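A.B. asks: The structure under discussion is supplied below as structure tokens; questions concerning it will follow.
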């Protein structure tokens, strides 16, 4: 069975990284190395393409795990291991380097935590936060042998976050938490779904500049996630849905500490997204058109 899993995983890694147009071979290596079986739990499994009913696999053949689908962790609540092709694209966009420190919000059972740990390498570190007690317990068991991961069973919206190079968020929010922005080192990247619960939003990447109030920002793709506790806002969600309906590709910066001007695409409480560029160079992200519900 392990031989079959290895064969499926090698093809799966190559396929999703090609679809994501990933240029870093380490990303394919990470998907090739990390087995999905421990994180999925015993089969049969419930899978879906997103926005459709779950379908139960006929048995526990690992072939069913190595597809570009959502894999249910809690079907009743719609909690899944997210779409691999979408995550491959987002991870390619934020470009985790060897030796970097990563903060993950919403670890689930730890599958993408393990991928991040491979990308950060033995000289790096991944702090993984998971607020759901059952999922956190499973993640702790699944990740116990990965030396550069520290699992924290609590909310990742907190004032005592470590200083990091990358923050990778796997729960939808109506705004970037100020705590996340404060935890980023200069040059650090925050990738999070600007997508409150029930809203098809977008995966936004924000880069902290060396100085100034204009932070380079761009959407990597559309995205929809379960909601991040503490960062939901029904009115903001309604306005975001309207903003996305008018387009989203032109966003180039996040502004703080200044009043919105005519370049404003969306304004939140004390922050806004602008179609004007920031002073720092933009980050080139290859185009992608994958299914991005996670």
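Residue numbers (our numbering): 70 to 363. The beta carbon of each residue, even a glycine, is placed where N, CA and C say it ideally should be. Just so it is clear, the structure is predicted and the values come from calculations on it, not from any experiment.
1. Going by DSSP, which residues form a beta bridge with residue 242?
2. Taking the beta strand (DSSP E) that residue 149 falls in, what are its first and last residues?
3. Taking the continuous alpha helix (DSSP H) assigned at residue 184, which residues delimit it?
4. Starting from the Cα of residue 283, find the closest Cα among 275, 289 and 301 and give me that residue.
5. Thinking residue 248 and residue 227 are a contact (beta carbons under 8 Å), I'd like their distance in whole angstroms, please.
6. Runs of 3 residues minimum, wholly inside the region 296 to 345: which ones carry the beta strand (DSSP E) assignment?
7. Going by Cα to Cα distance, which pick from 347, 333, 324 and 94 is closest to residue 340?
8. By Cβ distance below 7 Å, which residues in the same chain neighbour residue 330 in space, the five residues on each side in sequence not counted?
9. Excluding five sequence neighbours on each side, which residues of the same chain lie with their C-beta closer than 8 Å to the C-beta of residue 302?
10. For residue 254, write down the residues that DSSP places opposite it in a beta bridge.
11. Given 8 Å as the limit, is there contact between the region 105 to 117 and the region 164 to 180, that is, 3 or more CB pairs closer than that?
12. Where does residue 221 land, buried or exposed, given buried means 16+ other C-beta within 10 angstroms?
13. Do residue 212 and residue 183 come within 8 Å of each other at the CB atom, strictly closer than that value?
14. Could you say which of 158, 200, 153 and 186 lies nearest to residue 168 if we only look at CA atoms?
15. As a quick exercise: from 164, 204, 170 and 160, pick the residue whose alpha carbon is nearest that of residue 146.
16. Between which two residues does the alpha helix (DSSP H) containing residue 99 stretch?
17. Quick one: grab the DSSP three-state call for residue 76.
18. With respect to the alpha helix (DSSP H) encompassing residue 270, which residues constitute its N-terminal and C-terminal limits?
19. Strictly by DSSP, which residues pair up with residue 287?
20. Is any heavy atom in the ligand SAM found nearer than 7 Å to the beta carbon of residue 299?
21. Please name the residue or residues paired with residue 194 in a DSSP beta bridge.
C.D. replies: Quick answer:
1. 263
2. 148 to 150
3. 180 to 189
4. 275
5. 6 Å
6. 322 to 325, 333 to 336 and 340 to 343
7. 324
8. none
9. 243, 244 and 265
10. BP columns for residue 254 are empty, so no partner.
11. yes
12. buried
13. yes
14. 186
15. 204
16. 94 to 102
17. helix
18. Counting along the chain, residue 270 falls outside any alpha helix (DSSP H), though it belongs to the beta strand (DSSP E) covering 270 to 276.
19. 274
20. The model on display carries no ligand, and the ligand SAM is accordingly not part of it.
21. 170
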